Amino acid sequence: MSLSKAEANPHRLIVAQDVRNFCIIAHIDHGKTTLSDRLLEVTKTVHSREMEEQLLDAMDLERERGITIKMHPVTLGYKADDGQLYRLNLIDTPGHVDFSYEVSRSLAACEGALLIIDAAQGIEAQTLANYHLALEHDLTIIPVINKIDLPAADPERVMREVEELLVIEKRDCILASAKNGIGIDEILEAIVHRIPPPKGHNDHLRALVFNAQFDPYRGVVSYVRVVDGELKAGTKFMSMAHQHVYECTEVGVFTPAMRATERISLGNTGYVIANIKSLGDIDVGDTLTSPGNPAHVPLPGYRKAVPMVYCGLYPNEGAAYDDLRDALEKLKLNDAALVYEPETSIALGFGFRCGFLGLLHMEIVQERLERDYSLDLIATSPSVVFRVTRTDGSVEMIDNPSKLPASNLIRSIEEPYVKATIITPPDYVGAIMDLTQTRRGMLGNMEYLHDGRVILTYEMPLIEVIVDFFDQLKSRTKGYASLDYEVVGYREGDLVKLEILLNAEPVDALSFIVARDKAASRGRALAEKLKELIPRQMFEVPIQAAIGGKVVARETVSAQRKNVLAKCYGGDITRKRKLLEKQKAGKERMKRVGRVELPQEAFMAVLKLGD
Amino acid sequence: MHGIYVHLPFCPYVCPYCDFAKWPLRPSAASAYLDALVREITQTPGVNAQTIFFGGGTPNAYAATTIASLVTTLRARFPHPQGRAHEISVEVNPELVEAGDFDVYAAAGVTRISIGVQSFVDDEIAVLGRKHTSEQVEQVVKMARAAGIASVSIDLIFAVPGQTRATWGQSLARAIELNVDHISTYGLTVEEGTPFWEWHRREPARFLDQDREAELYAEAIERLGGAGFEQYEISNFARSGHECAHNRNYWENGEYLGFGVGAASYREGERSVHTRSLADYIEAVSSGRPIPGDSERLSGIRKAGEAIMLALRTTSGVNLTGFRERYGVDVTSRYRSVIEEFVDAGLLECEGDRMRLSIKGRFVANDVCEAFIACE
């Protein structure tokens with residue numbers, strides 16, 4: 032593509048004819064990664080030997096959980112059947128609902144999407160969610176029925192589902208097996224012929240930041256899609272969200288390794304390095320423009336990442352507080368969505384209140400702190416952010432149940448709600464209705480698919496979804512149901528704080544906010560669970576659950592009655608001492624609250640109550 | 019040197035709860051082992067000792083004459099420092115005792131017999147995988163008395179699956195009736211790697227919980243105390259003058275030498291234990307190489323903590339002045355908060371120069387001792 036005419040006439044609409052920007056979207060395990068790998072291989076972007084190395088470089092957590100957390104864009108060179116050489120920019124998307132904002136920014140960087148559907152499993156909850164998201168971004172959608180080689184594959188049925196649910200004609204579906212290399216050429220041709228080339232103007236620079244990573248040596252590496260104008264190494268640019276100006280030290284493309292180029296021209300994707308010190312200085316969704324000739328309006332869709340789930344993280348030993356702070360600081364460099372601030376708990380001492388995009392994000396951060404930074408952590412049970420209106424009319428956001436004002440000072444409490452979509456075989460509809468009912472879910476819609484499966488749409492409180500909902504759903508449907516949800520706003524609820532007292536002392540880190548009509552039964556269940564989890568102590572430990580000072584449940588952990596090593600093992604004193612050392616080490620991992628030794632699991636007990 | 023321990027690891031059959039170093043009796047292995055054992059003993063430089071203890075396994079799986087000749091060898095090599103008679107104990111399985119055995123023992127100098135009875139209730143004997151009858155035990159006690167063995171002891175186990183307060187009472191009563199000098203009561207410990215461990219994993223409900231176990235232990239303390247046995251250690255009760263000096267030495271943190279597979283020694287500040295592999299033991303001794311095993315040397319507060327752990331097992335507890343002189347640690351100031359807490363909880367008693375477990379404390383000795391242990 033030549034830009035000479037465009038430079039002469041900056042207002043003309045320019046079409047980058049040889050460029051296609053696309054992403055791959057799918058329900059988990061429908062074969063997104065395999066297809067990406069196959070596309071890289073067929074276009075000779077990487078050789079199979081390198082593929083393996085690339086796989087080895089991927090983060091442990093991603094491989095273990097089978098999901099993509101970080102996005103890896105890559106540019107493929109493809110010579111199409113029409114003899115033309117095309118530049119195909121594949122923009123990967125994270126595969127989890129926690130990261131839906133990041134997904135939306137990646138979609139905004141594309142003109143088209145490959146929608147992968149498993150030929151045996153058919154359309155699942157995330158397929159629908161991704162499809163709707165892609166439609167919102169006006170993307171051209173190419174449905175790919177994958178895994179047609181499987182014995183259980185039923186492409187005909189899945190194509191009918193596509194027609195019915197996605198309103199896409201059957202003949203537009205591509206039948207493929209990424210594993211066996213079937214349908215790959217057809218997919219590449221469809222990308223070239225069905226997805227429109229990017230268009231833009233050349234009067235101002237506008238580049239969308241769709242992802243950013245922190246490199247300890249080079250600072251922030253921003254992944255950008257240039258919508259208007261072009262981005263050149265050595266020039267200045269400005270972040271429109273932060274109004275900061277940076278000098279661009281390097282631009283380039285992902286091959287998939289980073290390769291420096293002179294520029295990223297209109298319609299293309301690539302990376303920008305500009306001596307940006309922290310991910311807090313540039314946001315996903317930000318628009319980069321030229322400070323000398325700034326765009327009038329930023330690209331649409333930008334918002335600050337808002338944490339939805341909070342929990343307290345405390346070092347098991349007080350001395351590790353500084354280590355925890357340092358580790359959070361380092362993680363934050365590469366995870367702009369993580370927020371934290373110091374907090375003090377009577378029970379747990381000094382720690383941090385941390386906010387996450389969702390439960391998975393929370394688990395990832397915890398795991399990373401424990402694994403990569405060798406921290407021994409206590410996490411309190413997760414909470415959402417409640418909007419509390421006091422009787423005097425003032426409003427505050429409460430992300431920690433122990434901070435809830437006394438009930439006589441509260442006029443109303445609102446909580447975040449989600450719209451949850453569940454797709455299930457019909458046999459489990461009853462089980463799901465039971466579960467959602469105990470979770471305060473309100474059924475919105477019920478729709479039947481050709482194969483008999485049912486789509487259920489609910490509105491329910493986010494707190495009910497984050498506390499053990501997914502595991503319960505999976506176990507009640509033998510793993511068949513799929514779930515997706517999006518936050519839809521705040522609703523008022525009849526909510527109360529449930530307090531737990533051990534030895535008659537309230538334990539702040541164990542309190543939680545719950546619907547009034549469920550409070551007593553949750554209190555009883557939690558007291559019972561704590562009785563199971565708290566080991567016997569030298570004295571009796573009463574456990575009480577109370578609402579507004581009124582005790583609703585009581586259990587007692589009996590005092591330790593017998594714990595003694597009977598024998599001397601023929602004088603093997605060392606062995607005896609080591610047994611005691613082991614016992615002592617076990618106790619030292621516990622947290623002392625007042626006189627009571629609490630195991631770490633006690634603080635997460637509320638997650639394990641069942642329904 | 020205070021004590022000599024000799025491990026005789028063979029058993030006619032293996033009990034499902036036992037995790038000591040032991041093997042089913044095979045004559046060839048027993049003979050090879052005996053050769054190695056004698057060789058180990060005779061290669062060790064002689065020192066003075068006051069007690070000799072044959073433990074197992076089942077020592078009397080070997081012939082009485084074999085035990086007697088080992089006793090003779092040991093007495094000569096490890097003479098009593100004051101030229102007095104050693105306390106010499108032999109653990110026996112009652113069903114293997116034959117007429118005349120104890121005369122042979124006594125003639126060699128054995129002073130103490132410890133009978134592995136475990137229970138006098140048939141169902142419990144069966145659960146424990148043992149094969150003797152109460153009548154046999156009665157006979158064995160009589161034989162020991164007739165042979166002039168000075169101290170006769172009985173081992174009992176409580177918290178056996180199926181045991182009740184009533185059946186445990188029967189076993190205690192029977193032991194008292196037999197008019198023995200010493201009774202050990204051991205709470206059943208389910209050890210990893212034993213058939214009981216697997217059983218416990220499958221059917222935990224068959225095993226006694228700690229509340230019931232505590233009741234049985236309380237029963238033992240009460241009954242045996244009432245019958246004139248003084249509790250001198252967590253698991254041990256004796257009539258006056260019949261405490262086991264060999265075991266007492268362990269709790270006083272004294273030195274001892276152990277011979278045989280898996281045997282433990284404590285000498286010049288070093289604790290060591292021989293390999294628990296029979297083949298490795300025999301192989302090393304017969305080829306004159308050092309016996310493989312583990313050893314450690316504690317110092318400072320770790321050594322003191324271990325000494326407190328041991329002393330607290332005895333009803334005389336820790337002698338505070340003696341402790342300060344021996345270990346250079348002032349227990350009351352070093353462990354002030356720990357001691358205060360346990361005294362408040364009624365588990366520990368401090369009286370003059372003594373710190374000891376209360377009766378209540380004996381039930382939870384691990385929790386108390388653990389607080390004095392310093393981990394690495």
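Residue numbers (our numbering), protein chains in the order written: chain A, 32 to 642; chain B, 19 to 394. Backbone N, C-alpha and C fix where the C-beta goes; we use that ideal spot for every residue, glycine too. Please read all numbers here as calculations on a predicted model, not as lab measurements.
Quick test of your reading: residue i and residue j, contact by CB under 8 Å. State the CB separation rounded to the nearest angstrom.
| i | j | result |
| --- | --- | --- |
| A/M491 | A/G472 | 4 Å |
| A/L533 | A/V624 | 6 Å |
| A/L107 | A/L119 | 4 Å |
| A/G214 | A/I205 | 5 Å |
| B/E156 | B/L190 | So it is not a contact: roughly 15 Å between Cβ atoms. |
| A/L504 | A/I463 | 7 Å |
| A/E192 | A/H481 | 6 Å |
| A/V252 | A/Q244 | 5 Å |
Under 8 Å, do residue i and residue j count as touching if we go by C-beta distance?
| i | j | result |
| --- | --- | --- |
| A/K593 | B/F360 | no |
| A/G301 | A/V315 | no |
| A/F268 | A/L319 | yes |
| B/T333 | B/E273 | no |
| A/N299 | A/A47 | yes |
| B/A103 | B/T69 | no |
| A/I147 | A/V105 | no |
| A/Y511 | A/P457 | no |
| B/A383 | B/L330 | yes |
In chain order, what residues of the same chain have a beta carbon less than 8 Å from the beta carbon of residue i, not counting five sequence neighbours either side?
| i | result |
| --- | --- |
| A/E571 | T587, V588, S589, A590 |
| A/N476 | I486, L487, T488 |
| B/K149 | Y31, E113, I143 |
| A/K36 | Any answer about A/K36 is weak, because its pLDDT of 45 lies below 50 and its placement is not dependable; what the coordinates show is given next. Contacts found: R43. |
| B/N66 | M19, F96, P97, H98, P99 |
| B/D37 | E209, E210, G211, T212 |
Note down, in chain order, every chain A residue with its Cβ under 7 Å from the Cβ of residue i.
| i | result |
| --- | --- |
| B/Q68 | In chain order: nothing, as chain A lies at least about 15 Å away. |
| B/Y235 | K593 |
| B/M19 | Near B/M19 there are no residues of chain A at all, since even the closest Cβ is about 13 Å away, more than 7 Å. |
Run down chain A in chain order and give the residues with a C-beta less than 9 Å from the C-beta of residue i.
| i | result |
| --- | --- |
| B/N254 | Ordered by position in chain A, no residue passes the 9 Å Cβ test against B/N254, which lies about 10 Å from the chain. |
| B/M396 | Since the displayed chain B opens at 19 and closes at 394, residue 396 of chain B lies outside it and no answer follows. |
What does a CB cutoff of less than 6 Å around residue i pick up in its chain, not counting 5 residues either side in sequence?
| i | result |
| --- | --- |
| A/P338 | V370, G386, F387 |
| A/G143 | F53, L170, T171, I226 |
| B/F255 | I201, L242, F247, Q249 |
| B/G379 | L365, L366, V386 |
Considering only residues of the same chain and omitting the five flanking positions on each side of residue i, which have a CB-CB separation below 7 Å?
| i | result |
| --- | --- |
| A/A184 | A150, A151, K178 |
| A/M271 | D317, T318, T320, P329 |
| B/L316 | E324 |
| B/C33 | L146, G147, R148 |
| B/D121 | A165 |
Determine the chain A residues that contact residue i at a beta-carbon separation under 8 Å, and present them in chain order.
| i | result |
| --- | --- |
| B/A79 | Going along chain A, no residue has its Cβ under 8 Å from B/A79, so there is no contact; the nearest lies around 16 Å. |
| B/A232 | R592, K593 |
Given that residue i touches chain B, what residues does it touch there, using C-beta distances under 9 Å?
| i | result |
| --- | --- |
| A/G382 | What A/G382 touches in chain B: nothing, since even the nearest Cβ is about 25 Å away. |
Please list, in chain order, the chain B residues whose beta carbon lies closer than 8 Å to that of residue i.
| i | result |
| --- | --- |
| A/N594 | Q228, F381, V382, A383, N384, D385 |
| A/K598 | Y204, T207, S253 |
| A/F570 | A363 |
What residues of chain B sit near residue i, judged by a beta carbon separation below 7 Å?
| i | result |
| --- | --- |
| A/R623 | Here the premise fails: no neighbours, minimum Cβ distance about 12 Å. |
| A/T605 | R289, V291, E314 |
| A/R334 | Those within 7 Å of A/R334 in chain B number zero; the least Cβ separation is about 51 Å. |
| A/R608 | E324, M327, I391 |
With a threshold of 7 Å (Cβ to nearest heavy atom), would residue i be considered close to the ligand NAP?
| i | result |
| --- | --- |
| B/R224 | Judged by which ligands are present, the structure shown has none, so any question about the ligand NAP falls away. |
So which residues on chain C does residue i lean against when the C-beta distance must stay under 8 Å?
| i | result |
| --- | --- |
| B/Y51 | In summary, chain C is missing from the structure at hand, where the protein chains are A and B. |
Cβ contact (3+ pairs, closer than 8 Å) linking the segment 558-572 of chain A and the segment 425-442 of chain A: no
The segment 94-101 of chain B touching the segment 132-142 of chain B, judged by at least three CB pairs closer than 8 Å: no
Touching by the beta-carbon criterion (3+ pairs, under 8 Å), the segment 281-295 of chain B and the segment 223-234 of chain B: In short, these stretches do not touch, since the Cβ pair count stays below three.
contact_flag[the segment 53-69 of chain A, the segment 152-164 of chain A] where n(CB pairs < 8 Å) is 3 or more: Touching, yes, given that three or more Cβ pairs across the two stretches are closer than 8 Å.
The segment 397-414 of chain A touching the segment 532-548 of chain A, judged by at least three CB pairs closer than 8 Å: At 8 Å Cβ cutoff, the stretches touch.
Inter-stretch contact (C-beta, 8 Å, three-pair minimum) for the segment 334-351 of chain A and the segment 366-380 of chain A: yes
Contact between the segment 418-426 of chain A and the segment 341-348 of chain A (3+ Cβ pairs under 8 Å): no
Inter-stretch contact at 8 Å, needing at least 3 Cβ pairs: the segment 215-222 of chain B / the segment 165-178 of chain B: no
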